[in-house]
Amino acid sequence: MKISVRDAGSIKIVDVQGDVDMGTSPDLRKVLLATLPETTRLALNLEAIRYIDSSGIATLIEVLKRSQGLKKEFVLFGLRPAVENVFQLTHVIKLFQVFKSEQEAVGAS
Amino acid sequence: MSAKVRGTISRTIMGANGLELRFVMKSDPRYLQVVRGAVGSLAAAIGWDESDCMAITMALDEALANVIRHAYHNRRDGEVELMCRESAEGLEAILSDRGEAPDQSKICARKPGSDTQGGLGTHIIRDVMDTVTYENSPAGNRLILTKRFQKTI
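Same order as they appear, the protein sequences are chains Z and X. The opening residue of the first sequence carries number 1 in my numbering; numbering runs sequentially from there. The opening residue of the second sequence carries number 110 in my numbering; numbering runs sequentially from there.
As structure tokens, this is what we get:
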């Protein structure tokens with residue numbers, strides 16, 4: 001799994017590539033929690049994620065809760081059907097602000 | 110497979126009466142990706158559509174992750190065996206380990222839509238598969254999962 005962080009105007013975008021599972025989700029958690037205090041809105045780009053398991057979903061829920069505590073926004077964009085299936089099976093899709101594209105995720109700020 | 114991954118995977122593609130796949134591996138999470146690829150392909154070969162193949166793959170992936178996490182407490186040197194085979198009704202999977210036996214009173218699926226982090230994997234397993242059976246014996250733990258063709262998820 002590859003993770004990188006970039007700026008898009010006033011927000012931070014985290015790009016992830018590969019599979020997020022119990023072996024790799026701790027790395028994603030570390031980056032998301034470290035980046036969150038540095039911005040008012042953190043957007044996670046899921047476009048290049050092939051698979052996400054329950055530990056990955058749990059990580060996203062943890063970051064969402066942390067963002068709410070810090071009065072920040074944590075949003076997702078670029079969900080592919082395989083990833084969206086996991087969100088639907090775990091019934092967590094409604095917890096998150098989800099955008100189709102980066103443009104929408106950035107523009108909504 | 111990466112040369113960095115230690116362990117052995119043995120696979121048998123064709124069982125006596127249908128397709129069969131068997132993995133013998135260490136409790137190393139790097140095997141998860143390997144198993145996902147093979148299980149998805151097996152489900153497709155048995156006849157499930159793409160959506161069901163993804164769901165079955167997720168359920169078995171979560172079951173294997175639970176063994177690594179709970180039976181072996183994230184140790185990477187435990188022994189795990191996963192057997193998946195075509196049955197008359199669909200698919201049967203048996204996951205065996207020699208780690209700590211699960212406390213069945215503590216196995217709980219998360220409530221749909223809640224924002225709690227635990228129990229997501231168990232929820233996926235129970236949602237996707239038709240039967241989920243735990244067995245404990247002095248020889249170790251077994252989780253038996255079945256999925257019939259007719260269930261719609």
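Quick reminder that beta carbons are idealized off the backbone N, C-alpha and C, glycines included.
The beta-carbon of S54 of chain Z is placed less than 8 Å from the nearest beta-carbon of chain X. Pairing D27 of chain Z with I3 of chain Z gives a Cβ-Cβ distance under 8 Å. Contact between the stretch 147-162 of chain X and the stretch 206-216 of chain X is absent: fewer than three C-beta pairs spanning the two stretches fall below 8 Å.
For A48 of chain Z, no chain X residue has a C-beta closer than 7 Å to its own C-beta; the minimum C-beta separation is roughly 15 Å.
Contact with chain X is found for V86 of chain Z, since one of that chain's Cβ atoms lies less than 8 Å from the residue's Cβ. In this structure, A164 of chain X lies away from L32 of chain Z, with their beta-carbon atoms at least 8 Å apart. Between the stretch 95-106 of chain Z and the stretch 238-256 of chain X, the count of Cβ pairs shorter than 8 Å is below three; the stretches do not touch. The three-state reading of DSSP puts M192 of chain X in strand, counting E and B together. For A197 of chain X, the number of other beta carbons within 10 angstroms of its own is below 16, and it is reported as exposed. Neighbours of A174 of chain X in chain Z, taken as residues at a C-beta separation under 8 Å, are given in chain order as D21, M22, D53, S54 and S55. Between the C-alpha atoms of L60 of chain Z and R29 of chain Z there is a straight-line separation of about 8 Å. Contact between E190 of chain X and T255 of chain X fails: their C-beta atoms lie close to 17 Å from each other, not under 8 Å. The beta carbons of G78 of chain Z and V20 of chain Z sit no closer together than 8 Å. L141 of chain X sits close to A174 of chain X, with the two beta carbons spaced by under 8 Å.
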